[in-house]
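Undergrad: Numbers -41 to -1, 1 to 214, taken from mature numbering (1 follows the signal peptide of the UniProt record, and there is no 0), label the letters of the sequence shown in order.
Every residue gets a Cβ at the ideal spot worked out from N, C-alpha and C, and that includes glycine.
Computed from a prediction, not measured in an experiment: that's the story for all the values here.
One structure coming up, written as structure tokens, with questions to follow.
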Amino acid sequence: MKLRCCSPHPLQAAATYARRLLRCAAPLALAALCCPAPAMAAFDDWQFQLQATTDRINRGLDQSDGKPSVGAEVSWYPGPGLFANASVSPVRFFDGAPLGAEFIANAGYSWRWAADWSLQAMLSHYQFAREPMASHFEYDEFALAGSWRDCLFASVTASPDTTYDLAPRSRAFSYNLGTHLPLPAGFSAIAGIGYYDLSASLGAGFTYGDVGLAYQYQAVQFELSYVGTHGPERLESMLGSMLVHRWVAQVSWRF
């Protein structure tokens, strides 16, 4: 049995406040998007993205049951300082489950120094719809991410209320390193490795990584990468086919 104290954990209280803030901001963001372009003070600060992939994967976990997926994202990023974005994509966590949707809302602050170093602090809310126990799986997350010359990347995330399977909501952390190395003729090498710590809810964590090649043609980017995971047998038996070992192709268009 898991006992809870009468007063909420400070991290959980902060997450609840952040969730309410993001939900209140969503109608304002939608209203801004519906405004005519001349009425928007700086339309160039907005960016849109459409994406298609052979399999939607997040931290080594399959979120489309090995099937193709599409998604859309809108971002407001006027430069160093405040930023926000929102995205939507279909999800299906296991074979036979109904096709659902995942909505992600992010808000944060970014810093940049000497054109080489950058740092971002961000709050995110993940919301699901048309999924069994959708409200059970929604969660909040805080992320701190840094980069050097847009070539080397590192990030740490913390969530107070993440869960998988039927486990109770609990703390989860991730630690990530990645690189994006430019190559001739518009190509670039991409690679990343991370660790997803789910020990508070599932009793263990697992390692995930990817390596591949990307090609940029104007506003369109193509990627081909291999994604793999490794964890203890107990965790693999719980998450099953959600732990990915396969090639994934992706194309995205920014405008």
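Do you know how far the Cα of Pro57 is from the Cα of Val115?
TA: Counting from 1 along the sequence shown, the entry for residue 115 is found at position 156. Counting from 1 along the sequence shown, the entry for residue 57 is found at position 98. The alpha-carbon atoms of Val115 and Pro57 are separated by roughly 32 Å.
Undergrad: Would you report the Cα separation of Ser200 and Ala66, rounded to the nearest angstrom?
TA: For the purposes of this step, residue 200 is taken as the residue at position 241 of the sequence shown. For the purposes of this step, residue 66 is taken as the residue at position 107 of the sequence shown. If you take the alpha carbons of Ser200 and Ala66, they lie about 32 Å apart.
Undergrad: Taking one C-beta from the stretch 190 to 204 and one from the stretch 143 to 154 each time, how about it: are there three or more such pairs within less than 8 Å?
TA: Because the criterion of three Cβ pairs below 8 Å is not met, the stretch 190 to 204 and the stretch 143 to 154 do not touch.
Undergrad: Pro143: which of Leu172, Arg128, Asn135 sits nearest, CA to CA?
TA: Sequence index remark: in the sequence shown, residue 143 carries index 184 (1-based). Taking only the C-alpha atoms, the option nearest Pro143 is Leu172.
Undergrad: Tell me the DSSP secondary structure of Asp109 in three-state form.
TA: For the purposes of this step, residue 109 is taken as residue 150 along the sequence shown, with counting starting at 1. Three-state DSSP puts Asp109 in coil, outside helix and strand.
Undergrad: Which value, in whole angstroms, describes the spacing of the CA atoms of Asp4 and Ser147?
TA: If you number the sequence shown from 1, residue 4 lands on position 45. If you number the sequence shown from 1, residue 147 lands on position 188. Rounded to whole angstroms, Asp4 to Ser147 spans 26 Å at the Cα level.
Undergrad: Hey, how far is the Cα of Gly40 from the Cα of Ile149?
TA: As a first step, residue 40 is located in the sequence shown; it is residue number 81 there, counting from the start. As a first step, residue 149 is located in the sequence shown; it is residue number 190 there, counting from the start. Taking the straight line from one Cα to the other gives about 27 Å.
Undergrad: By the three-class DSSP mapping on this structure, what secondary structure does Gly151 have?
TA: Counting from 1 along the sequence shown, the entry for residue 151 is found at position 192. Of the three classes helix, strand and coil, the one that applies to Gly151 here is strand, per DSSP.
Undergrad: Where Val47 and Leu202 are concerned, what is the direct C-alpha to C-alpha distance, given to the nearest angstrom?
TA: As a first step, residue 47 is located in the sequence shown; it is residue number 88 there, counting from the start. As a first step, residue 202 is located in the sequence shown; it is residue number 243 there, counting from the start. If you take the alpha carbons of Val47 and Leu202, they lie about 22 Å apart.
Undergrad: CA-CA distance, Leu20 and Gln86?
TA: Locating residue 20 in the sequence shown gives position 61, counting from the first residue. Locating residue 86 in the sequence shown gives position 127, counting from the first residue. Distance between the alpha carbons of Leu20 and Gln86 is about 17 Å.
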